[in-house]
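Chains C and P are the protein sequences, given in the same order.
Numbering-wise (our numbering), the first sequence opens with residue 910 and increments by one.
Numbering-wise (our numbering), the second sequence opens with residue 910 and increments by one.
2 protein chains.
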Amino acid sequence: MARAVSETHGEILAAAARRFAVTGYRGTSLQDIAREVGCSKATVLYHFANKEALLAELMAPAIAVLRDLDDQLTGLTGAAAQEAAAVGFVDLAVRFRREIALLRGEFPELLCQPAFAHIQQISERLRDALAGHSDRPGARITALVLLAGISEACAEFVDVPDDELRSALLTLVRRALEPVDAPLPQPPTTEDKDS
Amino acid sequence: MARAVSETHGEILAAAARRFAVTGYRGTSLQDIAREVGCSKATVLYHFANKEALLAELMAPAIAVLRDLDDQLTGLTGAAAQEAAAVGFVDLAVRFRREIALLRGEFPELLCQPAFAHIQQISERLRDALAGHSDRPGARITALVLLAGISEACAEFVDVPDDELRSALLTLVRRALEPVDAPLPQPPTTEDKDS
DNA sequence: TCAGGGGCTGACCGATCGGTCAGGCATGCT
DNA sequence: AGCATGCCTGACCGATCGGTCAGCCCCTGA
Chain C
910 MARAVSETHG EILAAAARRF AVTGYRGTSL QDIAREVGCS KATVLYHFAN KEALLAELMA
970 PAIAVLRDLD DQLTGLTGAA AQEAAAVGFV DLAVRFRREI ALLRGEFPEL LCQPAFAHIQ
1030 QISERLRDAL AGHSDRPGAR ITALVLLAGI SEACAEFVDV PDDELRSALL TLVRRALEPV
1090 DAPLPQPPTT EDKDS
Chain P
910 MARAVSETHG EILAAAARRF AVTGYRGTSL QDIAREVGCS KATVLYHFAN KEALLAELMA
970 PAIAVLRDLD DQLTGLTGAA AQEAAAVGFV DLAVRFRREI ALLRGEFPEL LCQPAFAHIQ
1030 QISERLRDAL AGHSDRPGAR ITALVLLAGI SEACAEFVDV PDDELRSALL TLVRRALEPV
1090 DAPLPQPPTT EDKDS
């Protein structure tokens, strides 16, 4: 053994991603990951401070993109916010569907961990944007249904090609979102509506 | 102490429902439930054979309704199947949102338990019906997004009145479902293959 | 009065969890 | 040669899990 550190590090990361996607974060033990890599549990903990650090490194790219999306959403209102949130989140969810899959319903508890402190607020802002910043219960419910449904669908349809899944989801979201009556900075230009 | 058995039985059931809804099935220990009731863990296991039996009894009413819905769906095709699935599932999800909440993403592992053997097949049939029994990926993706989203929304909006939540969800589903081209109002026992 | 039984409990069990630690084993630098 | 460093490991730790068991308490009915 005694391979380059980066090599084993990456192998552990990949194995963890695979196991987490199948049995979830809590449902996967460090022993499981070590077995999949072919090393000891102590080796896993040599490369990563603890189990949470392993998850954090695994989620880092997705979180970075989520932060970018959050920045892009600031200032947008009404239909513009809805469209930006829809396109941005669908793209994010499709690209990082493996990362989303491994959170499968463990969001609430995982969010309590310091590494994911801001995600809850970001996801709430995202939901708010998708609702066109409307206070109507119908709009807020629709936004949550779509966000949760998209996440679940991306985790489920792992074998569907990226672009096919993305276009299907975007079509669905645009159809499901009721237009919000908000003052747009610019009037709704003739968007490409696929009949 | 030494109350009537049915009394303690019900208290444990109620406490378990409360704890499961907050921390999930796996995230709640028998000790937690016992602490909430104010009895010992052994008492919980005196009234219920094991943790799984506790969950099974908690879910029994919801599962019974789900089975009824499954029966009502058999034979329906196209838009009729979509409408029946939508109305039936929205109503079920709203009525049993506490039961749905406590499954939060633990569906996959929980379904492996014998008490929930048939639920997976039922939910697949439900998804199929909501897709109008279409094979198109777009229709199947839409159906899954809606089913998962509705479940999550019901688990989240616990404070919204039943009828308000139900009507909002139904409006959303009807808007989100693209009409399927199946003009048969009643099934003439032919295979329902579109195009 | 007293035996019997239902409700309930503390103590305990084996398994598994995340995490620690001293040390083995190469390899490379001096 | 001798030492240091980095990668890795088995053994072990305390905590917690679901579950078992002998036995206590109290009510009931003969």
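Even for Gly, the Cβ is constructed at its ideal location relative to N, Cα and C.
Taking residue i as part of the alpha helix (DSSP H), name the residues at either end of that continuous run.
i: Y955 of chain C; result: 950-956
i: G987 of chain P; result: 987-1004
i: Q940 of chain C; result: 939-946
i: Q981 of chain P; result: 960-982
i: G1058 of chain C; result: 1046-1065
i: A1077 of chain C; result: 1071-1085
i: L1012 of chain C; result: Here L1012 of chain C belongs to no alpha helix (DSSP H), and DSSP marks it neither H nor E.
i: R935 of chain P; result: Premise fails: R935 of chain P is in no alpha helix (DSSP H) and is neither H nor E.
i: D1037 of chain C; result: 1028-1039
Grab me the residues of residue i's own chain with a C-beta within less than 7 Å of its C-beta, minus the 5 sequence neighbours each way, in chain order.
i: P1046 of chain C; result: none
i: Q981 of chain P; result: A993, G997
i: I1059 of chain P; result: F998, V999, A1002, L1078
i: R935 of chain C; result: E1015
i: A990 of chain C; result: L982, A1038, G1041, H1042
Kindly list the residues whose CB is nearer than 8 Å to the CB of residue i, restricted to its own chain and excluding five residues on each side of it in sequence; keep chain order.
i: A924 of chain C; result: I942, E945, V946
i: I972 of chain C; result: F1025, I1028
i: R928 of chain C; result: T937, D941, I942, E945
Which residues in the same chain have their Cβ closer than 6 Å to the Cβ of residue i, if we skip the five residues on either side of it in sequence?
i: S949 of chain C; result: A943
i: A1052 of chain C; result: R1036, L1039, A1040
i: R1013 of chain P; result: G933
i: E1018 of chain P; result: none
i: D1072 of chain C; result: none
For residue i and residue j, I'd like the C-alpha separation in whole angstroms.
i: A961 of chain C; j: G933 of chain C; result: The residue you asked about is not Ala; residue 961 of chain C is Glu in the sequence shown. Rounded to whole angstroms, E961 of chain C to G933 of chain C spans 13 Å at the Cα level.
i: L922 of chain C; j: L1074 of chain P; result: 42 Å
i: A926 of chain C; j: L1011 of chain C; result: 7 Å
i: L1039 of chain P; j: A995 of chain P; result: 6 Å
i: T1080 of chain C; j: M968 of chain P; result: 35 Å
i: S1043 of chain C; j: I1050 of chain C; result: 11 Å
i: L963 of chain C; j: T917 of chain C; result: 13 Å
i: A1048 of chain P; j: L1086 of chain P; result: 8 Å
i: A930 of chain C; j: D1068 of chain C; result: 14 Å
i: V1054 of chain C; j: V1082 of chain P; result: 10 Å
i: V974 of chain C; j: I1031 of chain C; result: 12 Å
i: P1070 of chain P; j: H956 of chain P; result: 33 Å
i: L1020 of chain P; j: L978 of chain C; result: 35 Å
i: L939 of chain P; j: L939 of chain C; result: 24 Å
i: L1056 of chain C; j: E966 of chain P; result: 31 Å
i: S1076 of chain P; j: A951 of chain P; result: 44 Å
i: P970 of chain P; j: P970 of chain C; result: 42 Å
i: A988 of chain C; j: R1084 of chain C; result: 13 Å
Kindly indicate which residue of the options has the alpha-carbon position closest to the one of residue i.
i: V1105 of chain P; options: P:A930, P:G919, P:L1056, P:A988; result: Residue 1105 of chain P cannot be examined here, being either before or after the span of chain P that is shown, 910 to 1104.
i: T983 of chain C; options: C:V1069, C:E1015, C:G1041; result: C:G1041
i: R976 of chain C; options: C:Q1022, C:G987, C:E1033; result: C:E1033
i: N959 of chain C; options: C:G987, C:V931, C:Q1022; result: C:Q1022
Does the contact criterion of 3 or more C-beta pairs under 8 Å hold for the region 1051-1069 of chain P versus the region 1003-1022 of chain P?
Yes, the region 1051-1069 of chain P is in contact with the region 1003-1022 of chain P.
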